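S.K.: Pasting a structure here, questions to come.
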Amino acid sequence: MAEMRVLAELAPRPGGGATLIYQVWARPRNIIGVLGIPAQIGLLSRRDFEIAFRHYDRVASLPKPSPLAIATHVNFAPGGRERLAALRDELIA
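Be aware that the sequence shown starts at 3, since it is given in my numbering, and climbs by one per residue.
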């Protein structure tokens, strides 16, 4: 994949709550990307994101939502834990 852009918007609903609008744009780097992007983003990632968003919705609906209700175990990509720690330190500073 040469480039990927994601936009997530929350739009308030008149009776309360919100509607999530989630869009993904991807530009392939080569022929493998042309074939793989629709399968990966259109099918596999779509399913995974829907599961995650529905879970977040349930957590947000709790009387007292807790960050611990969202995730108790995370699998980081190589170097991910270090990048997250650096970003956390930057935010605190």
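Virtual Cβ for every residue (Gly too), placed ideally from N, Cα, C.
The model shown is predicted, which means the values in this text are computed figures rather than measured ones.
Quick one, which of Ala-62, Lys-66, Asn-32 and Tyr-24 has its alpha-carbon nearest Arg-2's?
M.R.: As shown, the chain starts at 3 and ends at 95. That puts residue 2 outside it, with no answer to give.
S.K.: Just the C-alpha distance for Asn-32 and Glu-52, rounded to the nearest angstrom, thanks.
M.R.: 28 Å
S.K.: Looking at the structure shown, is Ala-41 part of a helix, part of a strand, or coil, going by DSSP?
M.R.: helix
S.K.: Around the C-beta of Ala-28, are 16 or more other C-beta atoms found within 10 angstroms, so that it is buried, or is it exposed?
M.R.: buried
S.K.: Name the one or two DSSP bridge partners that Ala-20 has.
M.R.: Pro-14
S.K.: Using only the alpha-carbon positions, how far apart do Ala-95 and Gly-38 sit?
M.R.: 40 Å
S.K.: Please report the residue range of the alpha helix (DSSP H) in which Phe-51 lies.
M.R.: 48–62
S.K.: Determine the direct distance from the alpha carbon of Ile-43 to that of Val-26, and round the result to whole angstroms.
M.R.: If you take the alpha carbons of Val-26 and Ile-43, they lie about 8 Å apart.
S.K.: Reducing DSSP to helix, strand and coil, say where Arg-7 ends up.
M.R.: strand
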